[in-house]
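Residue 154 in the working numbering sits at position 78 of the sequence shown, and the numbers go up by one each step. Yeah, the Cβ is synthetic: ideal placement off N, Cα and C, and Gly gets one too.
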Amino acid sequence: MLLSIIVAYARDKEGRYVIGKDNAIPWHLPRDLVRFRELTTGHAVVMGRKTFDSIGKPLPRRDNIIITHQKNYEVPGAQVFNDLQEALDFVAPIHSEVFIIGGQELYEQTLDKVDRMYITHIRKDGIEGDTFFPKWNRDLFKVIQEEKRNEETEFEILQRIVRTEGSSGEFEISGDMSYYFHGGGFGI
Ligand SMILES: NC(=O)c1ccc[n+]([C@@H]2O[C@H](COP(=O)([O-])OP(=O)(O)OC[C@H]3O[C@@H](n4cnc5c(N)ncnc54)[C@H](OP(=O)(O)O)[C@@H]3O)[C@@H](O)[C@H]2O)c1
Numbered sequence: 077m078l079l080s081i082i083v084a085y086a087r088d089k090e091g092r093y094v095i096g097k098d099n100a101i102p103w104h105l106p107r108d109l110v111r112f113r114e115l116t117t118g119h120a121v122v123m124g125r126k127t128f129d130s131i132g133k134p135l136p137r138r139d140n141i142i143i144t145h146q147k148n149y150e151v152p153g154a155q156v157f158n159d160l161q162e163a164l165d166f167v168a169p170i171h172s173e174v175f176i177i178g179g180q181e182l183y184e185q186t187l188d189k190v191d192r193m194y195i196t197h198i199r200k201d202g203i204e205g206d207t208f209f210p211k212w213n214r215d216l217f218k219v220i221q222e223e224k225r226n227e228e229t230e231f232e233i234l235q236r237i238v239r240t241e242g243s244s245g246e247f248e249i250s251g252d253m254s255y256y257f258h259g260g261g262f263g264i
């Protein structure tokens, strides 16, 4: 299973990566929503309960997984888990790619484990927010696709690079192997 993050963010005055404000996304980019739908359709989408609230309904043609601490939280058309790792263990044997779709809390808990990131960079002045993507180290990833859409938006796909200790060699991890490598679910 490939574990991926998909996110759109803009830098604020302090250089933070804004992703949301008042439990909504502080911009409207229809093309980005289309790309989001195309990339995630047919796969599992894992989200925090607040992101689910902001979307309002399960996303069609995807396995919707909602993470919450609430014990009796139920949503028709979605699967609810109280434990993130349990949710990932559940989807791992079923899906070739699983997308963490937000928000801040979910990104924070998965950034160290993900194999791939799909990032839309929004370059717009004056964006302010109350939720943020965590600081991340670009050196750990390699750009495998990039597309400058216009002056304001740029899209890129990054794949994690793993450097083997004591050597200058590197390899990319992908597919099922990455899941084993990160010790997800099957006891390594
Ligand atoms: N720009 C983007 O690409 C993008 C994408 C997605 C979301 N967003 C934005 O992000 C904001 C929401 O982010 P957020 O950080 O406030 O909320 P969030 O990550 O969507 O959801 C947080 C909630 O998830 C549950 N949760 C998180 N970790 C858990 C764990 N380990 N175990 C059990 N439950 C867990 C808790 O739910 P309970 O409180 O129910 O226990 C927690 O309150 C919104 O503004 C949204 O629009 C932006």
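- In the three-state scheme derived from DSSP, where H, G and I count as helix and E and B as strand, Val110 is classed as helix.
- Gly124 and Glu181 do touch by the CB rule: their CB atoms are close to 5 Å apart, below 8 Å.
- Membership of Ile177 in any alpha helix (DSSP H) is not indicated, and neither H nor E is assigned to it by DSSP.
- In the structure shown, Leu187 falls within a coil segment according to DSSP collapsed to helix, strand and coil.
- Taken from the Cβ of Asn158, at least one heavy atom of ligand 1 lies inside 7 Å.
- Taken through DSSP and simplified to helix, strand or coil, Gln221 comes out as strand.
- For Gln155, the shortest separation between its Cβ and any heavy atom of ligand 1 does not lie below 7 Å.
- Under DSSP, Lys97 shares a beta bridge with Ala100.
- In this structure, Arg192 and Gln221 do not form a Cβ contact; the two beta carbons are roughly 10 Å apart against a cut-off of 8 Å.
- Set against 7 Å, the gap from the CB of Glu162 to the closest heavy atom of ligand 1 is not smaller.
- Take the alpha-carbon of Glu184 and the one of Phe209: they are about 7 Å apart.
- If the five residues before and after Phe128 are omitted, its C-beta is found closer than 6 Å to the C-beta atoms of Ile142, all from its own chain and listed in chain order.
- When DSSP states are grouped into helix, strand and coil, Glu227 belongs to the coil group.
- In the DSSP assignment, no residue is bridged to Gly205.
- Pairwise C-beta distances place the stretch 98-108 out of contact with the stretch 132-149, as fewer than three of them are shorter than 8 Å.
- Relative to the Cα of Leu187, the nearest Cα in the group Arg199, Ile195, Trp212 belongs to Trp212.
- For Arg192, the enclosing beta strand (DSSP E) begins and ends at 192-198.
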